[in-house]
Amino acid sequence: MSSPVSRSLLAAAVLLAVAASAAGCSTTAPLAAAGPDLVDAEATAETQALFVNLQRLAPDHVLFGHQDDLAYGVTWDREPGRSDTKDTAGDYPAVYGWELGDLELGAEANLDGVDFGDMQRWIREGHARGGVITIAWHMANPASGGNTWDTTPAVHTVVPGGENHEAFRGWLDTFADFVDGLRDAEGRPIPVLFRPYHEHTGSWFWWGADMTSVEDYKALWRFTVEYLRDERGLHNLLYVYSPDVFQTEAEYLERYPGDDYVDVLGSDDYQALRSDSTISDMTRRLATVVRLAEARGKLAALTETGLEGVPDADWWTNRLLRAIEADPDARRVAWALVWRNANAEARAAQGQSATHWFGPHPAGADADDFRRFAATDFVLLEGDLPDLYER
Ligand code: BMA
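Its first residue numbered 0, the sequence shown is counted upward by one per residue in numbering that gives the first Met the number 0.
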């Protein structure tokens, strides 16, 4: 984290090693600390650093994340530099969630109308300010051509040997090309926490529990990793597993593709924070996820949460923060991401609920409470972050 110091230490170690080998001595000391044990043994230095730094922060902090934060807000759309989080608390979120649904169809904008070129620009901006990028993908149904919520069984058709496998490689290529275009100012690939096939313990997406077998789900996940990493050569991805709510460890792990295929153990949980009486369910689930993750040398995260319209004036401190802080294990989650703040006018024009927001916004009844939440030492917004991309 103290970059100039670690750079000069590394330089000193290199000089010593060079001097030692010039003098004919052998040295057994490693030149730099060993890398973390990631899905991708060739992960870029910045990707490794992100993992290690999130691990360092996790015991004492949670990074606040928000989906589509830079693209639009409750009352605005595509305004340079704008963010409902910043408008409310004076700083951007620490984690930016983005969504790729419809990229696989060759669309210019995602299923929520976010232009993919704009998205790449916002990802570069957030990363340049020191933020963290996570990507989900509400992918269309490859068997029926319907959308992501079309639950026609499809997984068995895209795994190796399936009739849609070749076409599905093409869909993964659209992802690989998009991610390959995510570069920092020096041309280095921007690290991305990739969260595919999420909420698979539920049955509302085509990869959901009732639509596919355990083995086919695992095969889909493993193929995806191997294709992106080994065939497409992407080395800036950390892979995030994120079931929906679960009761037992066995249920959580039922479709887990294996330690070699997952870097972060996540949990999507909207259910528990709807009422005071169920907050402890989230605490219990997070504690379980943290223990499972740490036993494997992995990170844990609250990968999606929120309450539509944030109707409670103390939701941030008295629900979300309380749920995370209530248990010494649960509080070691690395980040917590709330879902998007859909533009109210656009939603109403489409005949959909106009209160589809999950983050803060300045006119919200919860705005003061979000500021209290953001001001704690525990919660980190972007400006609170150390350099996450240097070890
Ligand atoms: C859902 C809703 C949808 C949206 C989808 C993908 O939870 O917000 O309106 O299309 O996520 O972002």
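Backbone N, C-alpha and C define an ideal beta-carbon position, used for all residues, glycine too.
Outcome for residue i when other beta-carbon atoms lying within 10 angstroms are tallied against a minimum of 16
i, result
"Q47", "buried"
"A400", "The shown model of the chain, from 0 to 390, leaves out residue 400, and the question about it has no answer."
"R330", "buried"
"A127", "exposed"
"Q349", "exposed"
"W220", "buried"
"E258", "Checking the sequence, you will find Asp at residue 258 rather than Glu. Burial call: exposed."
"E248", "exposed"
"G232", "exposed"
"G64", "buried"
"E230", "exposed"
"T26", "Unreliable placement is indicated for T26, whose pLDDT of 46 sits below 50; the coordinate value is still reported in the next sentence. By the 10 Å Cβ count, T26 comes out exposed."
"D68", "buried"
"T151", "exposed"
"D267", "buried"
"R339", "buried"
"D59", "exposed"
"R120", "exposed"
"S20", "Low confidence applies to S20: its pLDDT is 42, below 50, so where it sits in the model is not reliable, and the reading given next is rough at best. Counting Cβ neighbours within 10 Å, S20 comes out exposed, since fewer than 16 surround it."
"Q246", "exposed"
"R6", "A caution first: R6 carries a pLDDT of 41, below 50, which makes its placement in the model too unreliable to give a value."
"G207", "buried"
"A322", "buried"
"Q66", "buried"
"P79", "exposed"
Residue i CB to nearest heavy atom of ligand 1 below 7 angstroms
i, result
"L301", "no"
"G308", "no"
"E78", "no"
"E98", "yes"
"H137", "yes"
"H355", "yes"
"D111", "yes"
"R339", "yes"
Whole-angstrom C-beta distance between residue j and residue i, which should lie under 8 angstroms
i, j, result
"W312", "D368", "First, the residue type needs correcting, since residue 312 is Ala and not Trp in the sequence shown. Their Cβ separation, rounded to whole angstroms, is 6 angstroms, which keeps A312 and D368 in contact under 8 angstroms."
"Y255", "Y240", "6 angstroms"
"F174", "L102", "7 angstroms"
"K217", "L264", "So it is not a contact: roughly 15 angstroms between Cβ atoms."
"P359", "A366", "6 angstroms"
"L99", "I132", "L99 to I132, Cβ: 12 angstroms. No contact."
"A286", "D326", "5 angstroms"
Residue closest to residue i, alpha-carbon to alpha-carbon, out of the options
i, options, result
"T316", "D280, T375, A333", "T375"
"D176", "G116, G305, G145", "G116"
"H155", "E214, N52, T74", "E214"
"G122", "P141, E107, G96", "Per the sequence shown, residue 122 should be read as Ile rather than Gly. That would be G96, whose Cα lies nearest to the Cα of I122."
"T223", "A299, T84, W136, L336", "W136"
"T302", "A345, A364, L192, R55", "L192"
"A335", "V378, W314, A364, H355", "V378"
"V178", "A184, R168, I189, K85", "I189"
"A395", "R370, V94, L384", "Coverage of the chain is limited to positions 0 through 390, which leaves residue 395 absent and any answer about it impossible."
Quiz item: Can you list the alpha helix (DSSP H) stretches of 4 or more residues lying completely in the region 261-301, in chain order?
Solution: List check, alpha helix (DSSP H) in window: 278-294.
Quiz item: Quick one: complete alpha helix (DSSP H) runs, 4+ long, within the region 163-200?
Solution: Entirely contained in the region 163-200, the alpha helix (DSSP H) runs reaching 4 residues are, in chain order, 164-179.
Quiz item: Residue ranges of each alpha helix (DSSP H) run of no fewer than 4 residues wholly in the region 45-108, ordered along the chain?
Solution: Listed in chain order, the complete alpha helix (DSSP H) runs (minimum 4 residues) inside the region 45-108 are 83-88.
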